[in-house]
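Here the working numbering = 1-based position in the sequence shown + 1. Working notes for the structure below.
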Amino acid sequence: MTARPDILPSSQDLGRLEESALRDLVRRQPLPRHVAIIMDGNGRWATRRGFPRIAGHHEGVKAARRIVRASGELPIEYLTLYAFSSENWARPSDEVSMLMGLLQESFERELPELMKHNVRLLVIGRPNGVPQSIRDGIDRVIVATRGNSGLTLVIAFNYGGRGELTDAFRTLARKVKEGALAPDEIDETIIQQSLYTAGLPDPDLLIRTSGELRVSNFLLWQIAYAELWVTSTLWPDFSPRELYLAVADYQRRERRFGGV
């Protein structure tokens, strides 16, 4: 099925709708199967209010909880959140340490919520460099939610798109060296199967908060044909209503994938 842009209200009229009416309207149109979000602006949210940056990250966790719940209720099948990039290790050590503690706490604390809403958790990124206690906590939640059949929540943690491609190419190079794969057999499907996201559909819609106009090394292969939607709203203030507006805007677009 494809969306009917001609029967959707204008963006201005959509903005006037109550949240519940907007949600119900979006539900009546074909939904993106996979939404990916670059959650940006936690630090600026805190700084503008005179709070320490970690306060913004705490509020960011609350925003993530709201968006996970709203995504599952639409329903969207896959939601990928960019939680911690491989470049984030370069931040001040005290902020990184507090972030690691917050992430560890969040994974454990959110398990009842994930189970209640039938959410399955997956995590993509490099495990090396991540404290073992955090890796163990993540693994416990992944195993506990494995049988859930609702929204698949993918957390990009210690993730970088170039690193993912590098790891994929190394995997393929080893297979060629071992004689298990011929160079001429490598195609887009083989590469896709070597990525962290093997088995997952590519994102249909990429949302970025805080107004920045860049993809920040996020899912570089997978977003080749994703529709982009940027809002100036900082992540802690991002609401289900804005998610619905992003999806409605997506539903108004015609996706040609390079065709006419």
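All residues carry an ideal CB built from backbone N, CA and C; glycine is no exception. Since the model is a prediction, treat every value here as computed from it, not as a measurement.
Burial state of residue i, where buried means 16 or more other Cβ atoms lie within 10 Å
| i | result |
| --- | --- |
| Tyr197 | buried |
| Asp140 | exposed |
| Arg17 | exposed |
| Ile39 | buried |
| Val144 | exposed |
| Asn129 | exposed |
| Trp90 | exposed |
| Pro241 | buried |
| Tyr83 | buried |
| Arg254 | exposed |
| Ile191 | exposed |
| Arg49 | exposed |
| Gly1 | Residue 1 lies beyond the residue range present for the chain, which begins at 2 and ends at 261; the question has no answer from this structure. |
| Phe170 | exposed |
| Gly57 | buried |
| Ala22 | exposed |
| Glu165 | buried |
| Ala157 | buried |
| Ala47 | buried |
| Ser211 | buried |
Beta-carbon proximity of residue i to residue j, cut-off 8 Å
| i | j | result |
| --- | --- | --- |
| Tyr245 | Glu228 | no |
| His118 | Gly73 | yes |
| Trp230 | Ala247 | yes |
| Leu9 | Ala249 | yes |
| Asp41 | Glu243 | no |
| Gly61 | Arg54 | no |
| Ala37 | Phe239 | no |
| Arg127 | Ser87 | yes |
| Asp205 | Gln223 | no |
| Phe108 | Val142 | yes |
| Gly151 | Gln105 | no |
| Phe85 | Asn159 | yes |
| Lys20 | Arg66 | For the record, residue 20 in the displayed sequence is Glu; it is not Lys. No; because the gap between Cβ atoms is not below 8 Å, this pair is not in contact. |
| Ser195 | Leu221 | no |
| Thr153 | Leu123 | yes |
| Val155 | Leu115 | no |
| His35 | Leu103 | no |
| Leu75 | Leu32 | yes |
Boundaries of the beta strand (DSSP E) in which residue i is found, first to last residue
| i | result |
| --- | --- |
| Glu228 | Glu228 to Val231 |
| Ala247 | Segment Pro241 to Arg253 is the alpha helix (DSSP H) holding Ala247; no beta strand (DSSP E) there. |
| Phe85 | Tyr79 to Ser86 |
Limits of the unbroken alpha helix (DSSP H) element including residue i
| i | result |
| --- | --- |
| Leu26 | Glu20 to Arg28 |
| Leu104 | Ser94 to Arg110 |
For residue i, the residue or residues it bridges with in DSSP
| i | result |
| --- | --- |
| Arg256 | In DSSP, Arg256 forms no bridge with anything. |
| Leu123 | Val155 |
Exercise for review: Could you tell me which uninterrupted beta strand (DSSP E) segments, each at least 3 residues in length, are contained entirely in the region 125–189, listed from first to last along the chain?
Suggested key: 153–160
Practice item. Mind listing, in chain order, the continuous beta strand (DSSP E) runs of no fewer than 3 residues lying wholly within the region 27–76? Key: 35–39
Exercise for review: Identify every run of the alpha helix (DSSP H) within the region 188–213, keeping only runs that are complete inside it and at least 4 residues long; order them along the chain.
Suggested key: 189–194
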